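Input: a single structure, listed below in structure tokens.
Chains as they are written, first to last, in our numbering: chain A, -16 to 216; chain B, -16 to 278.
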């Protein structure tokens, strides 16, 4: 059984239908990239899975359980974590509070995962008690990703982690995500093709709210014509 | 000098009193993005619940006990009304500011009229508790005991509120929710529960404000909610939306300013707070002491 199954997904914001038909299957342990041009519906897709955008029709299942119509907090408790495009970090809370806020349980395993996050992102350990507003863009992204690891998560949705970051920080982030992907299932929306290539094994391309193509990441990297046709590269 | 100190004490006590309304209004606005024009009604119902209980049981039980029971009654009345308002009306219009304004103004009108229906439009006398009656004179400085009590309550609420917001998980969730309630939900927290809790506690504080207000002038009437609400909104603007301590400082500032202007230039007493609000909105919309609410 797939960890995440999406069939004929249609979702909307206000009066506008944004997703017109997304189909996808993700297996546990995979790192899968969601690619596409600006405005294709990639972010809306992640937000729909998280319950932040309303579903009109279609299927979204996590491990066989439907997510459609569930509020975001229930979906989070079912094991999905979101790292949004704008990081979703709480500026007025300290780093320790940002991490503590994400805890679903206050047990040893959770504390061990926080220790793992601080080892993975030493910058966060150094500024542990500082308000998040003092962090750089890269550190905010680390905090956002780190927060998604606080619980025993089945699937991590990461939205454009390279956006607005310096090349050196993007490299560090790609290494961290690759490390995380050894333990977690990742669905990564990314415009930076090299970042997606470094982290993910498979991909889906979304265009105008529909999944139009999918395949093996390395094959896409070798197929310039396909890249040009679907991604404008 | 004695007059000045007397004025400062009066101003600080007015500030403490406004704070009870403004702090909750500010957190409700910051967390829930709800413009609550019914907050004055909760204040009004607190005042009337207080007078009804106090005037009803005074003479039957010890005066201090009667006062404490009445105060508790006002807090409970505010809390229950807060839950009803939030669950039945406000929860349906989250994210729709136009509908919020209309529905909360509607609640203000209906529940103010209900006060007239139940208790009449007349002014009702409310006495201060015996142990808080009296005035002291220290070298010309006039100290009204009840005003010192108001200052103490204001300080206690500010300390308790600060402790809850900074020292508890619920406070952490509320502070995070003020910045980005959607993300709080995405972290697995049922933010709607906190919306109800914050609204109900805010309503209880407004009820307490109404109960404490009644004995200042010695009377209650159906109009008292409107003026208090206006002052609370001014404080929210001055202090910064969603900023609890900002509303404490804003209330203090406004209370002292009103006392001083009311004494020196009485004609400007009503204009000054509104003018201050307009100036803050133009030149510092995030508030004098506040942090801009991040959306």
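Beta carbons: idealized from backbone N, C-alpha and C, even for Gly. Since the structure is predicted, the reported quantities are computational estimates derived from the model, not experimental observations.
What does the alpha-carbon distance come out to for the pair residue i and residue j?
| i | j | result |
| --- | --- | --- |
| residue 80 (chain A) | residue 27 (chain A) | 28 Å |
| residue 86 (chain B) | residue 117 (chain A) | 40 Å |
| residue 256 (chain B) | residue 244 (chain B) | 10 Å |
| residue -7 (chain B) | residue 226 (chain B) | 24 Å |
| residue 287 (chain B) | residue 82 (chain A) | Since the displayed chain B opens at -16 and closes at 278, residue 287 (chain B) lies outside it and no answer follows. |
| residue 144 (chain B) | residue 152 (chain B) | 13 Å |
| residue 115 (chain B) | residue 130 (chain B) | 9 Å |
| residue 43 (chain A) | residue 89 (chain B) | 41 Å |
| residue 53 (chain A) | residue 75 (chain B) | 18 Å |
| residue 9 (chain B) | residue 270 (chain B) | 11 Å |
| residue 47 (chain A) | residue 11 (chain A) | 12 Å |
| residue 216 (chain A) | residue 143 (chain A) | 17 Å |
| residue 221 (chain B) | residue 160 (chain B) | 21 Å |
| residue 38 (chain B) | residue 237 (chain B) | 32 Å |
| residue 168 (chain B) | residue 65 (chain A) | 11 Å |
| residue 134 (chain A) | residue 58 (chain A) | 13 Å |
| residue -13 (chain B) | residue 4 (chain B) | 26 Å |
| residue 198 (chain A) | residue 174 (chain B) | 39 Å |
| residue 241 (chain B) | residue 162 (chain B) | 32 Å |
| residue 247 (chain A) | residue 60 (chain A) | Summary: the structure shown does not reach residue 247 (chain A), with chain A confined to residues -16 through 216, and so no result is reported for it. |
| residue 124 (chain B) | residue -11 (chain B) | 5 Å |
| residue 212 (chain A) | residue 109 (chain A) | 45 Å |
Run through the DSSP bridge pairs and tell me what residue i is partnered with.
| i | result |
| --- | --- |
| residue 194 (chain A) | A:189 |
| residue 318 (chain B) | The question about residue 318 (chain B) has no answer, for chain B in this structure spans -16 to 278. |
| residue 8 (chain A) | A:-12 |
| residue 66 (chain B) | BP columns for residue 66 (chain B) are empty, so no partner. |
| residue 108 (chain B) | B:202 |
| residue 49 (chain A) | A:44 |
| residue -1 (chain A) | A:-4 |
| residue 14 (chain A) | A:169 |
| residue 44 (chain B) | B:41 |
| residue 77 (chain A) | A:114 |
Using only alpha-carbon positions, find the residue among the options that is nearest to residue i.
| i | options | result |
| --- | --- | --- |
| residue 84 (chain A) | B:149, B:272, B:-13, B:245 | B:149 |
| residue 70 (chain B) | B:181, B:-15, B:106, B:121 | B:181 |
| residue 28 (chain B) | B:63, B:223, B:-10, B:120 | B:63 |
| residue 19 (chain A) | A:64, A:201, A:195, A:36 | A:195 |
| residue 158 (chain A) | A:182, A:137, A:136, A:211 | A:182 |
| residue 132 (chain B) | B:124, B:122, B:118 | B:118 |
| residue 94 (chain B) | B:207, B:5, B:0 | B:207 |
| residue 101 (chain A) | A:88, A:173, A:121, A:78 | A:78 |
| residue 55 (chain A) | A:36, A:216, A:171 | A:36 |
| residue 2 (chain B) | B:57, B:140, B:80 | B:140 |
| residue -5 (chain A) | A:58, A:172, A:24 | A:24 |
| residue 185 (chain A) | A:208, A:156, A:203, A:139 | A:203 |
| residue 262 (chain B) | B:108, B:-14, B:218, B:50 | B:218 |
| residue 233 (chain B) | B:259, B:59, B:81 | B:259 |
| residue 132 (chain A) | A:45, A:88, A:-7, A:76 | A:88 |
| residue 183 (chain B) | B:67, B:216, B:50 | B:67 |
| residue 205 (chain B) | B:22, B:44, B:105, B:43 | B:105 |
| residue 26 (chain B) | B:-16, B:99, B:57, B:231 | B:57 |
| residue 122 (chain B) | B:264, B:267, B:-15, B:138 | B:-15 |
| residue 169 (chain A) | A:17, A:192, A:112, A:71 | A:17 |
| residue 32 (chain A) | A:121, A:172, A:22, A:111 | A:172 |
| residue 127 (chain A) | A:108, A:73, A:162, A:191 | A:73 |
| residue 186 (chain B) | B:108, B:60, B:247, B:200 | B:60 |
| residue 212 (chain B) | B:91, B:80, B:33 | B:91 |
| residue 128 (chain B) | B:251, B:35, B:54, B:199 | B:199 |
Give the range of the beta strand (DSSP E) segment to which residue i is assigned.
| i | result |
| --- | --- |
| residue -10 (chain A) | -13 to -4 |
| residue 42 (chain A) | 37 to 45 |
| residue 64 (chain A) | 63 to 66 |
| residue 115 (chain B) | Residue 115 (chain B) -> no beta strand (DSSP E), and no H or E assigned at all. |
| residue 168 (chain A) | 168 to 172 |
| residue 127 (chain B) | 124 to 127 |
| residue -5 (chain B) | Looking at the DSSP string, residue -5 (chain B) is not in any beta strand (DSSP E); the run it does join, the alpha helix (DSSP H), is -15 to 15. |
| residue 140 (chain A) | 138 to 142 |
Between residue i and the ligand NAD, is there a pair consisting of the residue's CB and a ligand heavy atom that are separated by less than 7 Å?
| i | result |
| --- | --- |
| residue 197 (chain B) | For the structure depicted, the ligand NAD is absent and the ligand set is empty, with no information on it obtainable. |
Kindly indicate the opening and closing residues of the alpha helix (DSSP H) around residue i.
| i | result |
| --- | --- |
| residue 119 (chain B) | Premise fails: residue 119 (chain B) lies in the beta strand (DSSP E), 118 to 121, not in any alpha helix (DSSP H). |
| residue 24 (chain B) | 22 to 40 |
| residue 93 (chain A) | 91 to 103 |
| residue 217 (chain A) | What is shown of chain A runs -16 to 216, which leaves residue 217 (chain A) out entirely. |
| residue 97 (chain B) | 80 to 102 |
| residue 234 (chain B) | 227 to 247 |
Assuming residue i contacts residue j (C-beta within less than 8 Å), just tell me the rounded distance between them.
| i | j | result |
| --- | --- | --- |
| residue 153 (chain A) | residue 178 (chain A) | 6 Å |
| residue 138 (chain A) | residue -14 (chain A) | 6 Å |
| residue 215 (chain B) | residue 22 (chain B) | 6 Å |
| residue 30 (chain B) | residue 194 (chain B) | 6 Å |
| residue 272 (chain B) | residue 223 (chain B) | 6 Å |
| residue 41 (chain A) | residue -9 (chain A) | 4 Å |
Contact list for the segment 42 to 76 of chain B against chain D, Cβ threshold 7 Å:
Any reference to chain D falls outside this structure, whose protein chains are A and B.
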